[in-house]
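What follows is a single structure, written as structure tokens, with notes after it.
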Amino acid sequence: MAFLEIDGLKKRFGNVEILKGIDVELEKGGFLVLVGPSGCGKSTLLNTIAGLEQITEGEIRVDGRAINDLHPSKRDIAMVFQSYALYPNMTVAGNISFGMEMRGVPADERQKAIDKVAKVLQIGHLLQRKPSQLSGGQRQRVAMGRALVRDPKLFLFDEPLSNLDAKLRVDMRIEIKRLHATTGTTIVYVTHDQIEAMTLATKIAVMRDGEVQQFGTPAEIYNNPTNLFVADFMGSPAMNLIPATIATSGNALSVVLQREQREPITLPMANAPAGLSEFQGKPIIFGVRPEALTDPEGAERNASNIATADLHIEVVEPAGSDTFAVTNLGGKPVVARLRADANIQPGTRTPLAFNLTKAVFFDPTTENRIR
Amino acid sequence: MSSVATTQIKLTPERSRPSVRSRLQDALPKLVLAPSFAITIVFVYGFILWTIYLSFTNSKTFPSYVITGSRAYQRLWGWTFDTDPPSSWYTSITNMGIFGFLYIAICLALGLFLAILLDQKIRGEGVLRPIYLYPMALSFIVTGVAWKWFLDPGLGLEQTLHQWGWTSFHFDWIKNKDFVIYTVVIAGVWQASGFIMAMFLAGLRGIDGEIMKAAQIDGATTFQLYRRIVIPLLRPIFLSAFIVLAHLAIKSYDLVVALTSGGPGGSAWLPSNFMYEYTFKRNEMAVGSASAVIMLMTIVAIIVPYLYSELREKPR
Amino acid sequence: MSAVATPARQASSGISSKTLNRVVIYGLLALFALFYLMPLFVMLVTSFKTMDEIQNGNMLSLPHAPTFAPWIKAWSEVCSGLTCVGMKGYFWNSIKMVVPAVLISTLLGALNGYVLTKWRFRGHTLVFAMMLFACFIPFQSVLLPMATILGSLGRFGVTLQNATGFNFGLGNSTVNLVFVHVVYGLGFTTLFFRNYYEAFPTELIKAAQVDGASFFQIFRRIMLPNSLPIIVVTVIYQFTNIWNDFLFASAYAGSGDVMPMTVALNNVVNTSTGVVEYNVNMAAAMIAALPTLIVYIVAGRYFVRGLMAGAVKG
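Chains as they are written, first to last, in this note's numbering: chain A, 1 to 371; chain B, 1 to 316; chain C, 1 to 314.
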């Protein structure tokens with residue numbers, strides 16, 4: 001039995017179904033990230049776990065106990081909000097201890113708990129300040145302190161880093177990861193940033209339009225997306241999704257990619273997924289991540305299935321740690337990721353290696369993965 | 001068997017307790033709002049219906065609940081200047097027309113004019129603005145006492161100018177039944193125009209400075225800038241100011257009482273004064289109620305569309 | 001030569017027309033300042049003059065021998081109708097009416113605004129619209145039923161008095177006026193707080209809920225401590241409106257020693273027995289004006305904000 005279990009959860013506002021039957025599980029000490037574009041229902045799902053919104057159908061269990069009828073304060077959860085939601089009229093210490101005060105914890109115990117959390121988060125010198133006197137990063141710490149001090153069963157984070165600038169966001173991301181590793185708490189975390197999802201999560205639920213598109217570990221989500229949406233949403237730069245057709249040469253399948261003003265490329269598939277044989281002569285979507293399309297010297301040595309083709313380079317983007325090259329296949333721009341020092345010029349024709357073991361295929365009508 | 005029974009007994013209260021409590025918690029906000037809402041329903045809407053009802057009865061000194069049809073309304077409208085005595089109701093609504101039109105028009109014009117003057121980077125704006133606005137903090141009764149004195153031919157402005165040597169100056173509007181309503185306009189404008197100025201000034205300050213710069217670069221003169229760019233942008237303020245003034249004008253009661261005590265022969269009456277006099281002094285309760293209903297309808301015609309558009313736009 | 005001269009001339013004429021502009025603008029502004037100040041000025045100087053000086057002197061001249069006698073007479077001796085006990089009793093009547101009415105209507109408005117923004121339910125807009133509309137009705141349309149109800153309650157109070165020795169405030173004019181002002185002030189106070197709380201971050205309420213605070217704890221510990229500006233606005237607005245009210249006061253406490261200040265002032269000014277003592281009348285008017293005038297001088301900024309909030313929603 002998992003620690004957090006969400007079963008067939010539905011949420012309706014009038015006739016509009018916001019959440020259309022969510023099933024998610026998380027083990028104790030796990031880190032679940034709900035990720036998706038805005039309006040996908042991820043924040044609503046978090047609010048229903050917190051009890052800030054009522055559910056229409058289904059059940060939410062924590063540690064085997066159904067909590068969906070309980071008031072938020074009775075669920076043994078703590079929450080960090082996007083705007084931090086620090087009470088402006090109270091000091092930092094007052095903010096951190098307000099929840100304990102509401103539960104009737106005696107003053108000396110509250111003080112002890114405040115001191116402990118202040119030490120963990122290094123905010124001891126801020127305790128007597130008001131939130132308006134704090135910087136963004138400090139507010140973020142105080143908001144986490146308010147959650148930590150409660151020592152709850154479940155931590156909920158609602159886009160906690162989206163109000164910070166880029167550098168601070170990376171620092172706080174590491175901080176949260178370290179906190180999770182040292183305290184071993186169970187966390188549900190909402191974000192629209194897929195990098196946060198990949199770096200923090202032990203489990204990711206990719207959501208769209210009130211449905212979970214895929215639920216799995218970050219590696220599963222990244223390497224084995226179940227549909228076009230997940231493939232496109234996760235990863236930066238995004239996966240190249242190229243319209244292609246399937247051809248047969250002998251009893252082996254191959255992928256045919258159209259090039260501009262030149263004959264198509266044919267990539268032989270040594271270990272094509274079984275489902276692909278039904279698509280002979282039909283259009284499919286061929287998915288390959290930028291790092292699986294690279295200069296032949298940079299290609300993975302131990303990959304079993306590598307095909308090389310000459311491609312016309314349109315744009316070169318040196319990004320410091322890597323160099324990205326843009327070409328055009330099947331009528332769409334395609335990004336290849338090369339070594340930083342790769343010698344490549346725009347307007348030239350250059351051989352690039354496809355790592356076909358990492359390639360995935362999608363049915364263009366159902367948008368589902370072909371397995 | 002027994003263990004099954006105990007679990008069932010334990011289960012039932014556990015499942016029902018939170019739902020009762022949460023139901024109470026759900027209802028609490030509504031319970032808190034309920035008294036205020038109930039008060040509004042009874043003492044505003046209920047009383048309005050009651051007044052409407054009374055206007056169709058034969059109530060005189062005391063409320064009567066015998067419906068006698070629209071007699072009160074017929075008395076109001078069938079009674080003209082030609083009847084004897086001439087109609088106080090016609091005087092009241094004529095006055096309302098004169099007062100309402102002049103009061104609103106002058107307040108809007110003066111308020112906008114002062115706001116534009118004050119917006120010219122004036123040194124001492126902080127002193128001038130409160131001076132223009134303070135009359136709004138005073139009671140109409142106090143204002144009336146001051147203006148009554150100021151406009152009195154024997155004591156105020158006329159006498160002062162006589163003393164200064166302008167002996168032919170003559171200003172007795174406050175004692176003249178054909179002009180007394182204009183003195184009400186003067187005092188009313190004095191009281192409210194500063195507030196309208198403040199509304200326009202807030203509107204002017206809210207206009208994006210870059211639009212003004214762009215218009216200046218386009219070669220607009222100051223006059224063109226205000227006529228073509230600024231005043232059209234102030235349209236919502238005009239609407240709000242009109243609503244405020246219209247509703248102040250229809251409610252005006254104290255000013256007439258304090259400034260003119262109703263004027264010679266009730267010549268300064270507004271519908272509000274008519275209502276009060278007929279209801280509480282002349283024992284014509286049904287007629288008084290009918291006049292109150294007509295006042296209410298006028299306000300409804302102005303306010304309801306305004307509120308509707310204001311509240312509808314908001315959620316978007 | 002001419003090419004150099006032309007811009008110079010333009011510049012100089014530009015400067016002079018600019019100065020002229022400024023002179024005209026400042027002149028107009030000063031003129032209007034005089035227009036607005038005149039009545040107050042006349043009232044103030046007259047209240048410090050002797051009757052002799054009023055009859056023989058100029059309305060606008062400063063008092064030759066300033067005297068406080070009219071103020072003292074207005075406070076403790078002036079006649080309203082046939083009773084000559086000064087304004088002081090009526091002043092306290094007004095205070096006793098204004099303070100509870102302002103406090104109650106402000107508190108209810110705050111609670112209503114809190115519910116209407118943070119605990120929304122189906123139909124909350126309609127409820128708010130109905131309460132808001134109450135701000136705009138001409139009070140003439142409720143004057144008579146309220147008089148009837150207050151009359152019946154007064155008679156019931158007498159019965160209670162006879163039966164239990166205590167009338168529970170029924171039939172007391174001050175209690176009546178407090179009630180009336182609370183009822184018809186609710187729309188405004190609710191409007192003020194609703195618009196203020198509309199912009200108040202809802203995440204704070206969610207955080208407090210997770211922290212275990214109840215409906216009233218959130219209100220007392222989170223909402224109220226962060227509402228000071230709107231409380232000041234509401235209190236000032238209600239104070240000014242209720243203090244200055246004449247219609248309800250004259251309808252429900254229009255005579256005798258229960259009159260509030262405005263009614264008493266009107267009676268004093270219209271008392272026609274003997275010589276009209278203009279200086280005393282003006283002093284009485286000043287006494288009636290002082291509380292709101294002081295509030296305006298001390299916190300004018302908030303007063304204006306309240307007026308604006310009442311006029312321009314959202």
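Beta carbons are placed, not taken as given, at the ideal position from N, Cα and C, and that holds for glycine.
C-beta atoms of residue i and residue j nearer than 7 Å
| i | j | result |
| --- | --- | --- |
| B:V256 | B:A268 | yes |
| B:D254 | B:F140 | yes |
| C:L204 | C:I222 | yes |
| B:A290 | B:S55 | yes |
| A:S249 | A:M269 | no |
| C:L132 | C:G81 | no |
| A:L338 | A:L293 | no |
| C:V233 | C:Y302 | yes |
| C:H124 | C:L116 | yes |
| B:L204 | B:A115 | yes |
| B:I299 | B:I250 | yes |
| C:L261 | C:A288 | Correcting the residue type first, residue 261 of chain C is Met in the shown sequence and not Leu. Yes, the pair counts as a contact, with Cβ atoms nearer than the cut-off. |
| C:D257 | C:G89 | yes |
Residue i versus residue j: straight-line alpha-carbon distance, rounded
| i | j | result |
| --- | --- | --- |
| A:V188 | A:A78 | 10 Å |
| A:A166 | A:G137 | 12 Å |
| B:L108 | B:L296 | 24 Å |
| B:S272 | C:K49 | 36 Å |
| C:A251 | C:V180 | 11 Å |
| C:Y36 | C:H64 | 24 Å |
| A:L86 | A:D209 | 31 Å |
| A:R61 | A:A50 | 12 Å |
| B:Q25 | C:F216 | 11 Å |
| C:P201 | C:Y114 | 12 Å |
| C:N267 | C:S255 | 9 Å |
| C:M1 | C:S17 | Low per-residue confidence applies at C:M1: pLDDT is 37, beneath 50, and the placement is therefore not dependable, though the value from the model is reported in the following sentence. Cα-Cα distance, rounded: 25 Å. |
| C:A101 | B:G126 | 32 Å |
| C:Y184 | C:V127 | 15 Å |
| A:G64 | B:A34 | 40 Å |
Beta-carbon proximity list for residue i, same chain, < 6 Å, skipping 5 on both sides
| i | result |
| --- | --- |
| B:F179 | W173 |
| B:L161 | F169 |
| C:T174 | K96, M97 |
| C:V4 | Note that C:V4 scores a pLDDT of 40, beneath 50, so its modelled location is shaky and nothing firm can be said. |
| A:T245 | V256, P283 |
| A:A342 | D295, T323 |
| A:E159 | Q82, V190, T191 |
| A:P374 | Only positions 1 to 371 of chain A appear in this structure, which leaves residue 374 of chain A out of reach. |
| C:G157 | N167, L170, G171 |
Residue i - partner residues in DSSP beta bridges
| i | result |
| --- | --- |
| C:G113 | C:G113 is not bridged to any residue. |
| A:P243 | A:I285 |
| B:R282 | Partner(s): none; B:R282 has no beta bridge. |
| A:L338 | A:T323 |
| A:H312 | A:R349 |
| A:A66 | A:R61 |
Residues near residue i by beta carbon distance below 7 Å, same chain, minus five either side
| i | result |
| --- | --- |
| A:E392 | Given that chain A is displayed from residue 1 to residue 371, the structure contains no residue 392 of chain A and the question cannot be resolved. |
Spatial neighbours of residue i in its chain, beta-carbon cut-off 8 Å, leaving aside the 5 residues before and after
| i | result |
| --- | --- |
| B:V395 | Absent from the model: residue 395 of chain B. The displayed extent of chain B is 1 to 316, so no value can be given. |
| A:A307 | L267, P268, A353, F354, L356 |
The stretch 104-123 of chain C / the stretch 284-296 of chain C touching (three or more Cβ pairs under 8 Å): At 8 Å Cβ cutoff, the stretches do not touch.
Inter-stretch contact (C-beta, 8 Å, three-pair minimum) for the stretch 179-192 of chain B and the stretch 123-137 of chain B: Yes, the stretch 179-192 of chain B is in contact with the stretch 123-137 of chain B.
Validate contact between the stretch 30-48 of chain B and the stretch 135-145 of chain C using beta carbons, cut 8 Å, 3 pairs: They touch, by the three-pair rule.
Stretch pair the stretch 146-157 of chain A + the stretch 166-175 of chain A: three plus CB contacts closer than 8 Å: No, the stretch 146-157 of chain A does not touch the stretch 166-175 of chain A.
At least three beta-carbon pairs within less than 8 Å, the stretch 58-70 of chain A to the stretch 237-245 of chain A: Contact between the stretch 58-70 of chain A and the stretch 237-245 of chain A is absent, because fewer than three Cβ pairs lie under 8 Å.
Any 3 or more C-beta pairs closer than 8 Å across the stretch 65-75 of chain C and the stretch 279-289 of chain C: Taking 8 Å as the limit for Cβ pairs, the verdict is that the stretch 279-289 of chain C does touch the stretch 65-75 of chain C.
Segment contact flag, the stretch 107-125 of chain A with the stretch 88-97 of chain A, C-beta cutoff 8 Å, min 3 pairs: They touch, by the three-pair rule.
Meets three-Cβ-pair contact criterion under 8 Å: the stretch 150-162 of chain C and the stretch 65-74 of chain B: With the cut-off at 8 Å, the stretch 150-162 of chain C and the stretch 65-74 of chain B do not touch.
Cβ pair count under 8 Å reaching 3, the stretch 42-57 of chain C against the stretch 146-156 of chain B: With a cut-off of 8 Å, the stretch 146-156 of chain B and the stretch 42-57 of chain C count as touching, because enough Cβ pairs lie within range.
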